[in-house]
Amino acid sequence: MFVVIEPPRRDGAEFLCLCVLIDMSGMAGTSCRREITMDAHEPDMPVSPEHLSSATEFVAALNRLRLWAGKPSLRRMRVLGGQTTTAHGAVDLLPPSTTSGILNGEGLPRLPRMEFVEGFVAACLRARGQATAEIEREVVRWRETWRRLAASTNLGAPAAGRKEAEDGVMAVGALGTGIGRNDLPGDLADFTGRGAELRWLFSGPSADDGARAATTVAVIDGMAGVGKTALVVHAAHRMVERYPDGQLFLRLHAHSAGAQPVGPEFALETLLRAWGVHGDQIPEELEARAALWRAQLANRRVLTVLDDVSNAAQVRPLLPGSAGCLTLVTSRRRLVDLDAASTLSLDVPPPGDAIALFARALGNDRAAHEFVAVGDVVRLCGYLPLAIRLAAARLQARRAWSVAYLAERLRNSGRRLDELAAGDRRLTAALALSYEQLAPAVQRVFRLLCMLAEDDIDARVLATTAHCDIAEAEQVLEALLDVHMLQQSSAGRYRVHELLRLYARLMVREAEAEAEAEAEAEACLRRG
Numbered sequence: 001m002f003v004v005i006e007p008p009r010r011d012g013a014e015f016l017c018l019c020v021l022i023d024m025s026g027m028a029g030t031s032c033r034r035e036i037t038m039d040a041h042e043p044d045m046p047v048s049p050e051h052l053s054s055a056t057e058f059v060a061a062l063n064r065l066r067l068w069a070g071k072p073s074l075r076r077m078r079v080l081g082g083q084t085t086t087a088h089g090a091v092d093l094l095p096p097s098t099t100s101g102i103l104n105g106e107g108l109p110r111l112p113r114m115e116f117v118e119g120f121v122a123a124c125l126r127a128r129g130q131a132t133a134e135i136e137r138e139v140v141r142w143r144e145t146w147r148r149l150a151a152s153t154n155l156g157a158p159a160a161g162r163k164e165a166e167d168g169v170m171a172v173g174a175l176g177t178g179i180g181r182n183d184l185p186g187d188l189a190d191f192t193g194r195g196a197e198l199r200w201l202f203s204g205p206s207a208d209d210g211a212r213a214a215t216t217v218a219v220i221d222g223m224a225g226v227g228k229t230a231l232v233v234h235a236a237h238r239m240v241e242r243y244p245d246g247q248l249f250l251r252l253h254a255h256s257a258g259a260q261p262v263g264p265e266f267a268l269e270t271l272l273r274a275w276g277v278h279g280d281q282i283p284e285e286l287e288a289r290a291a292l293w294r295a296q297l298a299n300r301r302v303l304t305v306l307d308d309v310s311n312a313a314q315v316r317p318l319l320p321g322s323a324g325c326l327t328l329v330t331s332r333r334r335l336v337d338l339d340a341a342s343t344l345s346l347d348v349p350p351p352g353d354a355i356a357l358f359a360r361a362l363g364n365d366r367a368a369h370e371f372v373a374v375g376d377v378v379r380l381c382g383y384l385p386l387a388i389r390l391a392a393a394r395l396q397a398r399r400a401w402s403v404a405y406l407a408e409r410l411r412n413s414g415r416r417l418d419e420l421a422a423g424d425r426r427l428t429a430a431l432a433l434s435y436e437q438l439a440p441a442v443q444r445v446f447r448l449l450c451m452l453a454e455d456d457i458d459a460r461v462l463a464t465t466a467h468c469d470i471a472e473a474e475q476v477l478e479a480l481l482d483v484h485m486l487q488q489s490s491a492g493r494y495r496v497h498e499l500l501r502l503y504a505r506l507m508v509r510e511a512e513a514e515a516e517a518e519a520e521a522e523a524c525l526r527r528g
């Protein structure tokens with residue numbers, strides 16, 4: 001137990017705070033006393049966690065941190081610590097009984113769970129009135145120390161059971177200590193429809209009845225803005241109980257403005273660190289990292305979401321080898337070369353679901369008064385969920401506008417893409433990230449396709465327009481189909497989504513304007 005002796009405070013005076021720790025981890029009848037001094041008015045952090053070398057010192061340092069924060073009550077610590085999501089729902093990070101027990105050394109010689117430590121440190125700094133940036137920096141320092149101690153301490157303690165995990169205590173000595181971690185982003189409160197797609201995802205082998213089944217990989221591909229990530233996150237939140245050992249989320253940035261796609265080496269390092277493996281224990285070689293990751297998930301039931309994947313090579317090393325795990329992958333590219341993966345190509349929702357999405361995003365009462373205009377708006381948005389959400393957000397920001405007024409603005413095809421923007425989110429930005437990854441020659445062909453009057457084309461039409469043979473035309477069409485820049489209406493027949501068509505025509509106008517400017521500049525130089 002801990003005995004904290006806190007003398008009366010005196011303005012401007014320094015005092016010594018004595019924290020006596022009785023360490024019961026040694027031989028029976030033997031106690032180890034540690035004296036810790038601190039200045040009550042010290043503006044900086046009272047302890048540097050980097051210098052801690054045992055679970056005993058770690059818990060003593062947590063006590064000092066709370067004293068430095070003004071010794072907030074356990075109830076206040078619970079409020080300041082916030083909550084986390086588990087398989088059983090949202091729970092407090094700092095329940096008073098758990099906090100009291102840990103601070104009194106009841107969990108020694110084991111470390112408190114990392115989630116508890118993160119919540120405890122953040123709560124103390126919030127009580128002290130520290131800025132958010134400072135809180136984040138200190139949490140990182142304590143997290144790194146926790147990982148170092150968890151990886152290096154050799155106490156031979158058994159793995160923590162359910163009761164210990166619920167009490168905020170975890171055994172020291174295991175290589176990876178991320179069991180129970182939940183990294184999923186928040187679910188959308190207005191998520192609508194996708195019943196068939198959700199049933200497809202839920203019908204895969206679950207950890208409860210498929211522990212002997214093969215590892216499950218489900219790939220959801222589709223065009224920009226069709227709602228891949230929203231679907232996967234929504235489904236993942238509803239499968240938490242199937243995968244109680246952890247739910248991890250990693251964005252691989254295949255289509256992120258200003259960011260390069262995450263390589264598998266760095267992705268594995270991120271996953272391993274999230275699982276609690278210390279950086280010193282992560283090997284340099286890709287294959288060794290992949291093997292370590294598979295070993296960490298062996299005999300576990302873990303759900304991993306790999307979002308915005310660029311190709312199969314990026315994701316293959318990240319797949320677990322353990323039966324009972326589920327990996328959900330989203331990509332704008334069809335990952336046809338990812339073996340043993342189940343694939344769902346996500347299309348735009350049917351008109352009814354699109355209308356329901358717009359109504360929920362805008363507000364059902366407001367949408368109900370202009371039902372016909374709502375149908376016009378979602379049709380002009382091509383039933384694309386991102387466009388629908390942007391249209392609803394634009395209406396919310398323009399309270400004087402009616403739905404019919406927005407529909408009228410959207411009917412102007414030359415301005416439609418400009419209308420589908422809200423704040424720093426623009427539909428053109430999402431479409432541009434797909435277009436810009438095409439090779440220049442493919443970009444040119446795509447622009448030619450979108451200038452055609454026909455909605456339904458084949459390789460023969462493209463060959464005539466692009467002045468190439470039919471085999472070359474079909475190869476380009478298939479390449480565009482694989483990255484969802486085209487849709488296939490039937491074998492050999494292709495069509496372009498209306499918003500992609502408008503974007504391509506915008507690119508044509510910009511290219512023509514740029515060529516005119518260059519020609520005018522050259523003419524000026526010749527005259528000059």
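Numbering (full-length UniProt numbering), first residue to last: 1 to 528. C-beta atoms are modelled at their ideal positions from N, C-alpha and C, and glycine is treated no differently. None of these values were measured; they are calculated from a predicted model.
{"Query": "Inter-residue Cα distance where the pair is residue 458 and residue 391", "Result": "33 angstroms"}
{"Query": "Residue 452 versus residue 231 - alpha carbon distance", "Result": "33 angstroms"}
{"Query": "Beta bridge counterpart(s) of residue 218 as assigned by DSSP", "Result": "328 and 342"}
{"Query": "Residue 139 and residue 115 closer than 7 angstroms at C-beta", "Result": "no"}
{"Query": "Run of the alpha helix (DSSP H) containing residue 307, from where it starts to where it stops", "Result": "Run containing residue 307: none in the alpha helix (DSSP H); it sits in the beta strand (DSSP E), 302–309."}
{"Query": "Identity of the residue in 287, 278, 103 and 335 nearest residue 217 by Cα", "Result": "335"}
{"Query": "Neighbourhood of residue 428 by C-beta distance below 6 angstroms, restricted to the same chain and skipping five residues each side", "Result": "417"}
{"Query": "Sufficient close CB pairs (3 or more, under 8 angstroms) joining the stretch 330–348 to the stretch 219–226", "Result": "yes"}
{"Query": "Backbone CA spacing between residue 244 and residue 284 [nearest angstrom]", "Result": "30 angstroms"}
{"Query": "Proximity below 7 angstroms, CB of residue 281 to CB of residue 151", "Result": "yes"}
{"Query": "Extent of the continuous beta strand (DSSP E) run through residue 246", "Result": "246–251"}
{"Query": "Local Cβ density within 10 Å of residue 511, reported as buried at 16 or more and exposed below that", "Result": "exposed"}
{"Query": "At least three beta-carbon pairs within less than 8 angstroms, the stretch 288–306 to the stretch 317–327", "Result": "yes"}
{"Query": "Assigned secondary structure, residue 491 (DSSP; H/G/I helix, E/B strand, else coil)", "Result": "coil"}
{"Query": "Euclidean distance between Cα positions of residue 377 and residue 403", "Result": "8 angstroms"}
{"Query": "Residue burial classification, residue 300 (beta-carbon count within 10 angstroms, cutoff 16)", "Result": "buried"}
{"Query": "Proximal residues to residue 415 (C-beta, below 8 angstroms), its chain only, five neighbours per side dropped", "Result": "409"}
{"Query": "Beta-ladder partner(s) of residue 52, from DSSP", "Result": "Paired residue(s): none; residue 52 is not in a bridge."}
{"Query": "DSSP-derived helix/strand/coil call for residue 181", "Result": "strand"}
{"Query": "Closest residue to residue 492 among 500, 504 and 462 (Cα-Cα distance)", "Result": "462"}
{"Query": "Range covered by the alpha helix (DSSP H) that runs through residue 296", "Result": "286–296"}
{"Query": "Start and end residues, alpha helix (DSSP H) containing residue 226", "Result": "Here residue 226 belongs to no alpha helix (DSSP H), and DSSP marks it neither H nor E."}
{"Query": "6 angstroms Cβ shell around residue 69 - same chain, five flanking residues per side excluded", "Result": "124, 127 and 128"}
{"Query": "Segments of 4+ residues assigned as alpha helix (DSSP H) that fall wholly inside the stretch 327–402", "Result": "351–362, 364–368, 371–380 and 385–397"}
{"Query": "Buried/exposed call for residue 308, threshold 16 Cβ in 10 Å", "Result": "buried"}
{"Query": "Between the CA atoms of residue 324 and residue 495 - distance to the nearest angstrom", "Result": "40 angstroms"}
{"Query": "For residue 457, the residue or residues it bridges with in DSSP", "Result": "494"}
{"Query": "Contact check, residue 192 vs residue 407, beta carbons under 7 angstroms", "Result": "no"}
{"Query": "Neighbourhood of residue 267 by C-beta distance below 7 angstroms, restricted to the same chain and skipping five residues each side", "Result": "250, 252 and 318"}
{"Query": "Reduced DSSP secondary structure (H/G/I, E/B, other) of residue 432", "Result": "helix"}
{"Query": "Cβ-Cβ distance between residue 93 and residue 107 below 7 angstroms", "Result": "no"}
{"Query": "Three or more C-beta pairs below 8 angstroms linking the stretch 259–274 and the stretch 362–381", "Result": "no"}
{"Query": "Residue 149 to residue 478 span [Cα, whole Å]", "Result": "53 angstroms"}
{"Query": "Contact check, residue 398 vs residue 361, beta carbons under 7 angstroms", "Result": "no"}
{"Query": "Simplified DSSP state of residue 92, which is helix, strand or coil", "Result": "strand"}
{"Query": "Environment of residue 446 [buried if 16+ CB atoms lie within 10 Å]", "Result": "buried"}
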